[in-house]
Amino acid sequence: MRLIKGFIAVSILLGVVYSCSPLKKIESGKSVAMASYAEHNYLQAYEQLTALITSYQSAKLKVPVDILLKTADCAAQLKKYDVASDYFSQSLADSITMTGVKGYIENSKAGGNIDILASALNQYAIFLNENGEGRYLAKELFATALRTNDQESILKVYPDLEKPNEEESMAYLLALEKANKNKEALTFCNHLIKENPDYNRAKEWKAIYYYNLAEEGYKREMAKYNKKQKLYSLRLSKT
Numbered sequence: 003m004r005l006i007k008g009f010i011a012v013s014i015l016l017g018v019v020y021s022c023s024p025l026k027k028i029e030s031g032k033s034v035a036m037a038s039y040a041e042h043n044y045l046q047a048y049e050q051l052t053a054l055i056t057s058y059q060s061a062k063l064k065v066p067v068d069i070l071l072k073t074a075d076c077a078a079q080l081k082k083y084d085v086a087s088d089y090f091s092q093s094l095a096d097s098i099t100m101t102g103v104k105g106y107i108e109n110s111k112a113g114g115n116i117d118i119l120a121s122a123l124n125q126y127a128i129f130l131n132e133n134g135e136g137r138y139l140a141k142e143l144f145a146t147a148l149r150t151n152d153q154e155s156i157l158k159v160y161p162d163l164e165k166p167n168e169e170e171s172m173a174y175l176l177a178l179e180k181a182n183k184n185k186e187a188l189t190f191c192n193h194l195i196k197e198n199p200d201y202n203r204a205k206e207w208k209a210i211y212y213y214n215l216a217e218e219g220y221k222r223e224m225a226k227y228n229k230k231q232k233l234y235s236l237r238l239s240k241t
């Protein structure tokens, strides 16, 4: 009987200790935060998750990657892009996940932080390629090149695009032109029009290309004619 009473007393004592322990507080806070997140109540979830992270840190416990990612997502949803970026970075420092990498990229894009975006794409390029996201990488690299007007990258990345749209194709065409690759540009333009008869901007580029070509030819011929006329006039003046 004494043994049973002693066991009960110890169990009660352990229960009291656990209920007052940081771990119990963390588990309780986590359940509440996850419920708010599941209901897409991002403001409430963000406040609860940040408090939960503080509890982990106070207890000198490692913050789970999933908690960091959900906190980052909440911050991004609330347009706290700098805060979200910090949480994504923390999660990636612990474990490189597809959710973390894409979240970091999309958040940088939404926040307009092109430097961080370009850095993230470069840093996680191998990870994305090795995990079947090469097309996603190419799309984002090309979009970043367009934002920064990086003509060299536009020329480099375009061939990796799976199904480039009209804007992307025209950007590539203009990049070829700016690089003085006129023959390549014309060949590409002809192919573009053949495959996409409704691409009027490509047709306009081609028309202007031939107009400029004809104008340059006309100017050359006029220069030759004027030179001959001057020589002829000079000869007449000497007679």
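According to the numbering used here, the stretch in the sequence shown is residues 3 to 241, in order. Note that CB positions come from ideal geometry on N, CA and C, so glycine has one too.
Glu217 and Ser110 have their alpha carbons spaced roughly 46 Å apart.
Less than 8 Å separates the beta-carbon of Leu70 from that of Gln92. The Cβ atoms of Asn131 and Leu143 lie no closer than 8 Å to each other.
Our two residues, Val34 and Tyr83, have alpha carbons roughly 24 Å apart in a direct line. Across the structure, Pro166 and Ser121 are spaced so that their CA atoms are roughly 23 Å apart. Taking the Cα positions, Glu169 is about 15 Å away from Ser155.
Between Phe129 and the set Lys104, Gln153, Lys141, Lys158, the nearest pair of CA atoms involves Lys104. If you ignore the 5 residues before and after Ala78, its C-beta comes within less than 6 Å of the C-beta of Ala86, Asn109, all in its own chain and listed in chain order.
The C-beta separation of Val67 from Ser97 comes to about 5 Å, placing the pair in contact by the 8 Å criterion. With respect to the 8 Å criterion, Tyr58 and Ala47 are not classified as neighbours on the basis of their beta carbons. Taking all protein chains in view, the Cβ of Gln231 is surrounded by fewer than 16 other Cβ atoms within 10 Å, so the residue is classified as exposed. For Gly31, same chain residues with a beta-carbon under 7 Å away, outside a window of 5 residues either side, are Gln50, Ala53, Leu54, Ser57 in chain order. Taking C-beta atoms under 8 Å as the contact rule, Leu148 and Ala173 qualify, at a distance of about 6 Å. The Cβ-Cβ distance between Ile116 and Thr73 does not fall below 8 Å. The Cβ neighbour count for Tyr227, taken over all protein chains shown within 10 Å, is under 16; the residue is labelled exposed.
Leu123 sits close to Ile107, with the two beta carbons spaced by under 8 Å. Of the residues Glu135, Lys141, Leu80, Ala181, the one whose Cα lies closest to the Cα of Gln153 is Ala181. Bounds of the alpha helix (DSSP H) holding Lys32 are 24-40.
Closest option to Leu80, judged by alpha-carbon separation, among Leu45, Gly102, Tyr89: Leu45. A distance below 8 Å separates the beta carbons of Phe190 and Leu178. In the structure shown, Thr99 adopts coil according to DSSP, grouped into three states.
Here Gly102 has Leu71, Phe90, Ser93, Leu94 as same chain residues with Cβ atoms under 7 Å from its own Cβ, once five neighbours each way along the sequence are excluded.
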